[in-house]
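Shown next, in structure tokens, is the structure this report addresses.
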Amino acid sequence: MQITKTSRIYVAGHRGLVGSAVVRALQNGGHENLILRSHHELDLTDQHAVRQFFEAERPDAVIMAAARVGGIHANNSLPATFIRDNLLIQDNVIDSAHRSGVAKFVFLGSSCIYPKLAPQPIKEDYLLTGPLEPTNEWYAIAKIAGVKMCQAYRREFGFNAISLMPTNLYGPGDNFDLQNSHVLPALIRRFHEAKARGDDRVTVWGTGTPRREFLHVDDLADAVLYLLQNYDAEPIVNIGWGQDVTIRELAELVLSAIGYRGRLEFDSTKPDGTPRKLLDVTRLTDLGWKPRISLESGIARTYAWFKEHSADARL
């Protein structure tokens, strides 16, 4: 079945960073028949509720952006909660989607599913070839189970499910909490507040030498919609920019976007983390898709959103 502008599309997790970007992209593309439910309206860990929802709504397509997510501290302190909730959410949604006759299912995972010491750039084939990063293995194992469940349902039932693995994401609706946000939104908030206070310096953890890849969430949403229409195979697909920057280069881009004139310093006594994490996006490029939002432009757009929504952003 071809997904058209009149198709009934359920976006699970539509209020999150990824889900909200997917909804924007669908609406901008003329899709008006969207099915959206908040956690309050539909608890995806409740199997009975999820089955009732799918039986009543009968969506043509599902974009699975719902998950329990959090930073290192949350993963370390709530390991049972992370693995339980994500396994329940995935099991309920994938199985109910299959039972109700969904024509196309898009499962969104994470680059954290790959081994901690995977060769760089990371190819899709490196999945399950080595140990995971211990600080988020509970989330990663659940996401790997989701990938394998999609592949198993395809093999046994012919269920048309695809699995996409995004790199580090940022953009409107990001989490700017300094305790559990990722590096880019944390830098935006720190430089913004340092500028407001008139601080003469900002100190960033580590040496600034680790390399990371970043993709604007609106580019991810564009890739999701492209693959929704143009990809129907079992192998997972990495979604990324295909280029990376050092943390120092990233901090300098943020500093420039915010107009902070103080000094940037690095505390080399603090941990750097993994030296490099870059996805191989050859498979995605060969399918005919490339990102469009440069990191410099994306940071400027994200900072503009942060300033406009600082009262209600996740701080």
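Heads up: the sequence shown at position 27 corresponds to 28 in my numbering, and the numbers run straight through without jumps. From the three backbone atoms N, C-alpha and C, an ideal C-beta is built for every residue, glycine too.
Taking the DSSP output, what are the residues bridged to residue i?
i	result
Thr247	Arg212
Lys105	Ala62
Pro167	Ile240
Ala162	Phe106
Please list the terminal residues of the continuous alpha helix (DSSP H) segment that includes residue i.
i	result
Pro186	184-198
Arg59	Note, Arg59: premise wrong, no alpha helix (DSSP H); not H, not E.
Pro132	First-last for Pro132: undefined, no H or E at that position.
Thr204	Careful: Thr204 lies outside any alpha helix (DSSP H), inside the beta strand (DSSP E) at 202-206.
Ile300	296-309
Tyr232	It is not in any alpha helix (DSSP H) - Tyr232 carries neither H nor E in the DSSP assignment.
Where does the unbroken beta strand (DSSP E) through residue i begin, and where does it stop?
i	result
Glu266	264-268
Val282	Where Val282 is concerned, there is no enclosing beta strand (DSSP E), given that its DSSP letter is neither H nor E.
Ile123	Looking at the DSSP string, Ile123 is not in any beta strand (DSSP E), and its letter there is neither H nor E.
Ala13	10-13
Going by Cα to Cα distance, which pick from the options is closest to residue i?
i	options	result
Ile114	Gly289, Thr303, Leu280, Asp223	Leu280
Asn176	Thr7, Arg16, Met2, Glu214	Arg16
His40	His32, Glu56, Ala66	Ala66
Ser111	Tyr232, Asp200, Gly147, Lys6	Gly147
Leu288	Ser311, Asp233, Gly263	Asp233
Asn231	Asn76, Lys105, Ser97, Asp61	Lys105
Arg277	Thr270, Ala57, Asp245	Asp245
Glu134	Gly274, Ser295, Arg198	Gly274
Ile240	Glu309, Ile123, Ala57, Leu129	Ile123
Ala119	Val107, Pro132, Phe108, Leu254	Pro132
Using beta-carbon positions only, say whether residue i and residue j come within less than 8 Å of one another.
i	j	result
Arg89	Thr46	It is worth fixing the name first, because residue 89 is Leu in this sequence and not Arg. Yes; because the gap between Cβ atoms is below 8 Å, this pair is in contact.
Tyr140	Val63	no
Leu188	Leu251	yes
Ala50	Gly14	no
Ile259	Tyr304	yes
Ile142	Ile84	yes
Ser101	Phe158	no
Phe307	His193	yes
Glu266	Arg202	yes
Residues in its own chain within less than 6 Å of residue i by CB, not counting five upstream and five downstream?
i	result
Trp290	Ala224, Tyr227
Thr299	Going by the sequence as given, residue 299 is Gly instead of Thr. Contacts found: His217.
By Cβ distance, which residues of its chain are closer than 8 Å to residue i, with the 5 residues on each side in sequence left out?
i	result
Ala75	Phe83, Asn181
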